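Chains as they are written, first to last, in the numbering used here: chain A, 24 to 301; chain B, -10 to 147. Note that the Cβ used here is the ideal one computed from N, Cα and C, for glycine as well. Just so it is clear, the structure is predicted and the values come from calculations on it, not from any experiment. Shown next, in structure tokens, is the structure this report addresses.
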Amino acid sequence: MRNSAPLFVPRLDWIVFLVTVGFSLTLLFFGKGRAVAVVKRETGGAIAYLAKPVGLVRRTFNLWRENSVLRSQTEALSLENAELRDAALENARLRAMLGFSERSSLNLKPAEVIGYPGLQIGGRIVIDAGRRAGVRVNSAVLTPNGLVGKVVEVSDFSSLVQTLEGNAYGVSVYIERSRVAGILRWVKPGTWTIVGLSTGEDVRTGDLVLTTGAGSVFPKNIRVGVVTKVTGQTESNQGWCRICPFVRFESLEEVFAVVTESAADPAADSLLMNGGNR
Amino acid sequence: MSIIGPIVIAALLLVLDIALGGLLSLGPVRPSLTLPFVVYIGLREGPIPGTLFGGGIGLCADLLGALPLGATSFIYAIIGFMCGKLWHDGTFRLFWPWGVFLGCSGVFSAVISHYLVSRGTGLAFLPLFLSSGLPGAIYTTILGLLWFLSPLHRVRNV
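Structure (structure tokens):
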């Protein structure tokens, strides 16, 4: 009797492997539906909330350095504050004389950074303010130093923020001194540029870069960074000037999420998500 | 081996990776705390636990927004399976297999994840990989090799 082996012997390890990889690929290519987004949002929010106490360790590491920096800043700020108080009063008088309306103040929600998921170059952080705090998708996130990024996903108690790192979106900015406008882009780790500037525009090293407010995501006149280098030569999609943001994205601890009236609409998230899937 | 212990360790590493990963980063270079554990499970327990743990840990990382949903799960499942297939006789306690497997896994993970990031951002893959991915894999491997300095490792070998 001939002892024949079957052509295909099912192996449990290969079956488990193929099922797991198949499931992952299915999520990767087709996992963009509303149900998957809800599961991701809620589960991710719960895990991020669990990670919050661990952030205390990180905060402790930075406590001494932060204390010395704050002490030196306090003295400088108290002097600056006195000058600004005079300037604000003068500004109010002049605006009243010109008939300008009061500038609307931003509605800011303070939040702590509780996580840095994924790759460092991915530029994503998790903050502990979510839908319950009034944060919505596309809410701008900033610090007293400058612009951080915007919210891309929101759960009840946490939000995923895409910082200016990673080329996920552009920010409409202008040079404060010359009022020249363009789009801020991340070029590579540690390097930003402004695209859309014609060669020869009035841009100099040391110029302050602010948001224009175009697009209704980022409020106007938020500090972004400073021009550190003007090459004068246009490289493909890399602009001809280099920008250094004021915010150190790798050591963020506290941020503010901008909450606007329109963002308080509870249906805003679902509308944005539906729109994004079309 | 009880399944509870590895699950607790995996959850702990995941939380530490998310909460403290930024503290360990050197510029754009960041080590992974979860990858060595996936390699460890694969080498120690074989392909099925390696695949399941890798897929599970990767899925949790994706739920936190690390990469597009399914990406890390896909990468870690392959790593767990390959480690289980290639080395399943408990000799992971030797210095060189652990280092080699961890290094190769780190490079594989960096290639796939940085390819996805480069596609998403529209940037060239190679400079991104060389400036962030490869150093990150080396950093992860060095951190993983610290295991051989731990007292726990010495006691087990005795």
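Closest to B/L75 by CA distance: which of B/L53, B/L56, B/A113, B/V28 is it?
Residue numbering aside, residue 75 of chain B sits at position 86 when the second sequence is read from its first letter. Answer by Cα proximity: B/V28.
Tell me, please, whether the CB atom of A/V39 is closer than 7 Å to any CB atom in chain B?
One-based indexing of the first sequence puts residue 39 of chain A at position 16. With 7 Å as the cut-off, A/V39 counts as an interface residue toward chain B.
Starting from the Cα of B/D51, find the closest Cα among A/L207, A/V249, A/T216, A/R147 and give me that residue.
Taking the first residue of the second sequence as position 1, residue 51 of chain B is located at position 62. When each option's Cα is compared against that of B/D51, the closest is A/R147.
Below 8 Å, can you find three or more Cβ-Cβ pairs linking the segment 151 to 166 of chain A to the segment 47 to 58 of chain A?
The segment 151 to 166 of chain A is not in contact with the segment 47 to 58 of chain A.
Got a sec: is the Cβ-Cβ distance from B/S62 to anything in chain A below 7 Å?
Here residue 62 of chain B is taken as the residue at index 73 of the second sequence, counted from 1. Judged by the 7 Å Cβ criterion, B/S62 is in contact with chain A.
Rounded to whole angstroms, what's the CA-CA distance from B/L115 to A/L117? Just pull it up for me.
What you label residue 115 of chain B is simply residue 126 of the second sequence in a count that begins at 1. What you label residue 117 of chain A is simply residue 94 of the first sequence in a count that begins at 1. Their Cα atoms are separated by approximately 55 Å.
Would B/V153 be called buried (16 or more neighbouring beta carbons within 10 Å of its own) or exposed?
No statement about residue 153 of chain B is possible, as the shown extent of chain B runs from -10 to 147 and does not include it.
Proximal chain B residues relative to A/G54, where beta-carbon distance stays under 7 Å:
For the purposes of this step, residue 54 of chain A is taken as residue 31 along the first sequence, with counting starting at 1. Chain B residues near A/G54: L58, G59.
To the nearest angstrom, how far is the alpha carbon of B/T129 from that of B/V89?
Position 140 of the second sequence, counted from the first residue, corresponds to residue 129 of chain B. Position 100 of the second sequence, counted from the first residue, corresponds to residue 89 of chain B. Roughly 12 Å between the two C-alpha positions.
Do you know offhand how far A/E188's Cα is from A/G138's?
The residue given as residue 188 of chain A occupies position 165 in the first sequence. The residue given as residue 138 of chain A occupies position 115 in the first sequence. Straight through space, the alpha carbons of A/G138 and A/E188 are spaced by roughly 16 Å.
Buried or exposed (CB count within 10 angstroms, at least 16 for buried), B/D6:
Stepping through the second sequence from its first residue, residue 6 of chain B is reached at position 17. B/D6 is classed as buried because its beta carbon has at least 16 other beta carbons within 10 Å across all chains shown.
Would a C-beta distance cut-off of 7 Å place B/L117 and B/S107 closer than the cut-off?
Stepping through the second sequence from its first residue, residue 117 of chain B is reached at position 128. Stepping through the second sequence from its first residue, residue 107 of chain B is reached at position 118. The answer is yes: Cβ separation under 7 Å.
Starting from the beta carbon of B/T188, find every residue of chain A whose beta carbon is closer than 7 Å, and list them in chain order.
Look at the range of chain B in this structure, -10 to 147, and you will see that residue 188 of chain B is not part of it.
Looking only at its chain, what residues have a beta carbon closer than 6 Å to the beta carbon of A/A134, apart from the 5 residues adjacent to it on each side?
Residue mapping note: residue 134 of chain A aligns to position 111 of the first sequence, counting from 1. Spatial neighbours of A/A134 in its own chain (CB-CB distance under 6 Å, excluding positions within 5 residues in sequence) are listed in chain order as I150, D151, A152, V278, A280.
In the structure shown, what three-state DSSP assignment does B/A(-1) receive?
Residue mapping note: residue -1 of chain B aligns to position 10 of the second sequence, counting from 1. Helix at B/A(-1).
Under 7 Å, Cβ to Cβ, is there at least one residue of chain A near B/I(-4)?
Residue numbering aside, residue -4 of chain B sits at position 7 when the second sequence is read from its first letter. No, B/I(-4) lies away from the interface with chain A (no Cβ there is under 7 Å from its Cβ).
Tell me, please, whether the segment 219 to 237 of chain A touches the segment 196 to 209 of chain A by the rule of three or more beta-carbon pairs shorter than 8 Å.
Yes, they touch.
Output yes or no for whether 7 Å exceeds the beta carbon distance between B/Y65 and B/G43.
Locating residue 65 of chain B in the second sequence gives position 76, where the first residue counts as 1. Locating residue 43 of chain B in the second sequence gives position 54, where the first residue counts as 1. Yes, the pair counts as a contact, with Cβ atoms nearer than the cut-off.
Using a beta-carbon distance below 7 Å, is B/C93 in contact with chain A?
Translated into positions along the second sequence, residue 93 of chain B becomes position 104. No, no contact with chain A.
Identify, in the order they occur along the chain, each residue of the same chain with its Cβ nearer than 7 Å to the Cβ of B/P17, setting aside the five sequence neighbours on each side.
Mapped onto the second sequence, residue 17 of chain B falls at position 28. Taken in chain order, the residues that qualify are S120, S121.
Does chain B have any CB closer than 7 Å to the CB of A/P268?
Walking along the first sequence from the start, residue 268 of chain A turns up at place 245. No, no contact with chain B.
Which chain A residues are close to B/C49, counting only those with a beta carbon under 7 Å from its beta carbon?
On the second sequence, residue 49 of chain B is found 60 positions in, with the first residue counted as 1. Near B/C49 (Cβ distances below 7 Å), the residues of chain A are I70.
What is the DSSP secondary structure of B/L112, reduced to helix, strand or coil?
By 1-based counting over the second sequence, the position of residue 112 of chain B is 123. B/L112 carries a coil assignment under DSSP once its states are collapsed to helix, strand and coil.
Along the alpha helix (DSSP H) that carries B/A60, what are the first and last residues, could you check?
As a position in the second sequence, residue 60 of chain B is number 71, starting the count at 1. In the DSSP assignment, B/A60 falls within the alpha helix (DSSP H) that extends over 60 to 75.
Using a Cβ-Cβ cut-off of less than 8 Å, give me the residues of the segment 177 to 198 of chain A that come near chain B, in sequence order.
Residues L183, G189, N190, A191.
In its own chain, which residues sit with a C-beta less than 7 Å from the C-beta of A/E65, not counting the 5 before and 5 after it?
Within the first sequence, numbered from 1, the residue matching residue 65 of chain A stands at position 42. Cβ neighbours of A/E65 beyond the five flanking positions: S178.
Taking 7 Å as the CB-CB cut-off, is A/V77 touching chain B?
On the first sequence, position 54 is the one that residue 77 of chain A refers to. Put simply, the CB of A/V77 is near chain B, with a gap under 7 Å to one of its CB atoms.
So, helix, strand or coil for A/V160, using DSSP?
The residue labelled residue 160 of chain A in the question sits at position 137 within the first sequence. Coil at A/V160, not helix or strand.
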